[in-house]
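**Q** Can you read through this structure? Questions will come right after.
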Amino acid sequence: MGLLLLAPAVVLLVALFVVPIVRIIWQALAEPTFGLDRFREFWASPAPRRALVTTLRISGLVTLLCTLLSVLVAWELHSTRSRLVRVVLWSAALFPLWTSGVVRNYAFTIILQRRGVLNTGLLSLGLIREPLTLLYTEAAVVMGIFYTMLPYAILPVYASFATLDAELVPAAESLGASRLRAIVDVVLPLAAPSIFAAAAIVFVISVGFYITPILLGGPHSPFLATFVDIQIYRLFDFPGAAATASILFFTAFIIVGGAWRAVGLERIRRVLG
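Every letter in the sequence shown is one number past the one before it in the numbering used here, and letter 273, counting from 1, is 273.
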């Protein structure tokens, strides 16, 4: 009965996830002739390699920032007794989900341009003497992706904190631990699986961003999704684009899988030690 109930989900997973990935990999291998030529071309050219490194670096930084801030925000949402603080934090955390991605990115262009809101404010406060170049930089791309992905990190971490006993921290404090030590040694280990899941979600989605790197990093932003767009719409190189997408997929899969394995092995060592 259980397998029967799972059947619709399995069918959707295969149809919407497995089949498209297999088709992309097959296109990269089979066109125009079967072989690994397209993959060799990717690694032989410096441009796609640089785009891959940039994509992984920016996605990794966004993942780190989102994970750290999500833990702080989720814990405050869980522990605060102020209704006003909770409403403000939830509104700020979920606001990116209430607006279109294009609207969010164009808002960032208004904020980050040389005569934008941020530069104008810094100039008015006397913190800078001339406008900073923020738009069409990697920093702008990081800010745009970070703002979009933060809710996806906060929600699973908060859900994990919400299941914890509210007396864990007071109990640890009664035994002599400081509040910070109680959170680090008691709360975070219990929430570690959800924190890692949040980091994995943020990283996997971040490596595939397309609109944000173009609007905030410029049309020639060295992001791998932008490179795939060039291969498809300018070069009409569909097998090459399939190879690039396959490499990005397997790279992200290996990184997340390796991190998951490392976290699991470390937790086993702690238990045995």
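Cβ atoms here follow ideal geometry from the backbone N, Cα and C, with glycine treated the same way.
#1: Is it right to say P20 is buried, meaning 16 or more other beta carbons lie within 10 angstroms of its own, or is it exposed?
#2: Going by beta carbon distance, what residues of the same chain come within less than 7 Å of F190, once the five residues before and after it are set aside?
#3: Anyone know if the C-beta pair for P213 and F203 falls short of 8 Å?
#4: With C-beta atoms as the reference, is L155 less than 8 Å away from P96?
#5: Would you grab the beta carbon distance between S70 and A198 for me? Rounded to a whole angstrom, and I think it's under 8 Å.
#6: By the DSSP assignment, the alpha helix (DSSP H) with R86 in it spans what residues?
#7: Please confirm whether G240 and Q231 have their CB atoms less than 8 Å apart.
#8: Roughly how many angstroms lie between the CA atoms of A15 and V85, to the nearest whole one?
#9: Which residues in the same chain have their Cβ closer than 8 Å to the Cβ of Y152, if we skip the five residues on either side of it in sequence?
#10: Hey, A74 and Y147: beta-carbon distance below 8 Å or not?
#11: Between which two residues does the alpha helix (DSSP H) carrying D165 extend?
#12: Can you tell me whether P189 is helix, strand or coil according to DSSP?
#13: Taking C-beta to C-beta, are I110 and G116 nearer than 8 Å?
#14: Around the Cβ of I128, are there at least 16 other Cβ atoms within 10 angstroms (buried) or fewer (exposed)?
#15: Give me the Cα-Cα distance between L272 and P48, rounded to the nearest whole angstrom.
#16: Which of the three DSSP states is assigned to L175 in this structure?
#17: For S79 and V169, I'd like the C-alpha separation in whole angstroms.
#18: Could you check which residue in V207, L29 and L123 has the C-alpha nearest to that of V256?
#19: So, are the CB atoms of A245 and F42 less than 8 Å apart?
#20: For R38, count neighbouring C-beta atoms within 10 Å of its own C-beta (all shown protein chains included) and say buried if the count is 16 or more, exposed if not.
#21: Beta-carbon within less than 8 Å of F227's beta-carbon, same chain only, minus the 5 sequence neighbours each way: which residues are those?
#22: If you measure between the beta carbons of L216 and G121, is that distance less than 8 Å?
#23: Of the residues L56, A93, A30 and R181, which one's Cα is nearest the Cα of V141?
#24: At the level of alpha carbons, what is the spacing between I268 and T99?
**A** Checking against the coordinates, here is how it stands:
#1: For the purposes of this step, residue 20 is identified with residue 20 of the sequence shown, where counting begins at 1. The residue is exposed, with fewer than 16 neighbouring Cβ atoms inside 10 Å.
#2: Mapped onto the sequence shown, residue 190 falls at position 190. Residue identity differs from the one stated: residue 190 is Leu in this sequence, not Phe. The residues are L164.
#3: Position 213 of the sequence shown holds residue 213. Position 203 of the sequence shown holds residue 203. For P213 and F203, no; Cβs fall outside 8 Å.
#4: The sequence position of residue 155 within the sequence shown is 155, counting from 1. The sequence position of residue 96 within the sequence shown is 96, counting from 1. No, Cβ-Cβ distance for L155 and P96 is not below 8 Å.
#5: Against the sequence shown, residue 70 aligns to sequence position 70. Against the sequence shown, residue 198 aligns to sequence position 198. The pair is a contact, with the Cβ atoms about 6 Å apart (cut-off 8 Å).
#6: In the sequence shown, residue 86 corresponds to position 86, counting from 1. Where R86 is concerned, the enclosing alpha helix (DSSP H) stretches over R83 to L94.
#7: For this step, residue 240 is matched to residue 240 along the sequence shown. For this step, residue 231 is matched to residue 231 along the sequence shown. In contact: G240 and Q231 (Cβ atoms closer than 8 Å).
#8: The residue given as residue 15 occupies position 15 in the sequence shown. The residue given as residue 85 occupies position 85 in the sequence shown. The alpha-carbon atoms of A15 and V85 are separated by roughly 43 Å.
#9: Within the sequence shown, numbered from 1, the residue matching residue 152 stands at position 152. Closer than 8 Å at Cβ, skipping near neighbours: C66, A198, I201, V202 and I205.
#10: In the sequence shown, counting from the first residue as 1, residue 74 sits at position 74. In the sequence shown, counting from the first residue as 1, residue 147 sits at position 147. No.
#11: Residue numbering aside, residue 165 sits at position 165 when the sequence shown is read from its first letter. Here D165 belongs to no alpha helix (DSSP H), and DSSP marks it neither H nor E.
#12: Taking the first residue of the sequence shown as position 1, residue 189 is located at position 189. It is helical.
#13: Translated into positions along the sequence shown, residue 110 becomes position 110. Translated into positions along the sequence shown, residue 116 becomes position 116. In this structure, G116 lies closer than 8 Å to I110 by Cβ.
#14: To locate residue 128, count along the sequence shown from 1; it is residue 128. Per the 10 Å Cβ criterion, exposed.
#15: Residue mapping note: residue 272 aligns to position 272 of the sequence shown, counting from 1. Residue mapping note: residue 48 aligns to position 48 of the sequence shown, counting from 1. Caution applies to L272, whose pLDDT of 35 falls short of 50 and renders its modelled position unreliable; the model cannot decide the point.
#16: For the purposes of this step, residue 175 is taken as residue 175 along the sequence shown, with counting starting at 1. Of the three classes helix, strand and coil, the one that applies to L175 here is coil, per DSSP.
#17: For the purposes of this step, residue 79 is taken as residue 79 along the sequence shown, with counting starting at 1. For the purposes of this step, residue 169 is taken as residue 169 along the sequence shown, with counting starting at 1. Going from the Cα of S79 to the Cα of V169 covers about 10 Å.
#18: In the sequence shown, the residue the question calls residue 256 occupies position 256. Taking only the C-alpha atoms, the option nearest V256 is V207.
#19: On the sequence shown, position 245 is the one that residue 245 refers to. On the sequence shown, position 42 is the one that residue 42 refers to. No. Outside cutoff.
#20: For the purposes of this step, residue 38 is taken as the residue at position 38 of the sequence shown. The residue in question, R38, is buried, as its Cβ has 16 or more Cβ neighbours within 10 Å.
#21: The count along the sequence shown starts at 1 and reaches residue 227 at position 227. Taken in chain order, the residues that qualify are A47, P48, A51 and T244.
#22: As a first step, residue 216 is located in the sequence shown; it is residue number 216 there, counting from the start. As a first step, residue 121 is located in the sequence shown; it is residue number 121 there, counting from the start. Not a contact, by the Cβ cut-off of 8 Å.
#23: Mapped onto the sequence shown, residue 141 falls at position 141. Of the candidates L56, A93, A30 and R181, the one whose C-alpha sits nearest the C-alpha of V141 is L56.
#24: Looking up residue 268 in the sequence shown gives position 268. Looking up residue 99 in the sequence shown gives position 99. With a pLDDT of 42 at I268, under the threshold of 50, the modelled position of that residue is not reliable, and the figure given next carries that caveat. The straight-line gap from Cα to Cα measures roughly 42 Å.
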